[in-house]
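In the numbering used here, the protein residues as written are 8 to 124.
Ideal placement from N, C-alpha and C gives every residue a C-beta, glycine not left out.
A short worksheet on the structure shown next.
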């Protein structure tokens, strides 16, 4: 299934010719979900990724972080598998790079998501 493509800032992505771009909807939903900060949404404060409490800390538990991220990814409708999940944290610049191979709606894909907090 396809959806309107959003750029890294959340705005609609428009081609040089002015056309609205499309993307695979599950992949985009995963990226949006991983960018969602814990407590950010007023109507569901328990939703989101605990970047400040569990990930961007002095001594991060990488295996625990992978489990948190795997749970968030698999919560997206259509996701059926996550493999090769890697997390690289640059505490100084407060950037987490998340890469993984996934399967959604029978289609395999690789994804990289950069999180700036």
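Range covered by the alpha helix (DSSP H) that runs through residue i
{"i": "residue 182", "result": "Any answer about residue 182 is impossible in this case: the structure gives the chain only from 8 up to 124."}
{"i": "residue 7", "result": "With the chain covering 8 to 124 only, the question about residue 7 has no answer from this structure."}
Cβ-based burial, residue i [other Cβ within 10 Å; buried from 16]
{"i": "residue 59", "result": "exposed"}
{"i": "residue 79", "result": "buried"}
{"i": "residue 81", "result": "exposed"}
{"i": "residue 27", "result": "exposed"}
{"i": "residue 56", "result": "buried"}
{"i": "residue 76", "result": "buried"}
{"i": "residue 114", "result": "exposed"}
{"i": "residue 103", "result": "buried"}
{"i": "residue 89", "result": "buried"}
{"i": "residue 109", "result": "buried"}
Residue(s) in a DSSP beta bridge with residue i
{"i": "residue 123", "result": "102"}
{"i": "residue 97", "result": "102"}
{"i": "residue 88", "result": "110"}
{"i": "residue 118", "result": "107"}
Three-state class that DSSP yields for residue i in the structure shown
{"i": "residue 73", "result": "helix"}
{"i": "residue 53", "result": "coil"}
{"i": "residue 107", "result": "strand"}
{"i": "residue 47", "result": "coil"}
The beta strand (DSSP E) enclosing residue i, as first and last residue numbers
{"i": "residue 9", "result": "9–11"}
{"i": "residue 63", "result": "Residue 63 -> no beta strand (DSSP E), and no H or E assigned at all."}
{"i": "residue 26", "result": "It is not in any beta strand (DSSP E) - residue 26 carries neither H nor E in the DSSP assignment."}
Whole-Å CB distance - residue i paired with residue j, under 8 Å assumed
{"i": "residue 111", "j": "residue 42", "result": "That pair is no contact at about 18 Å."}
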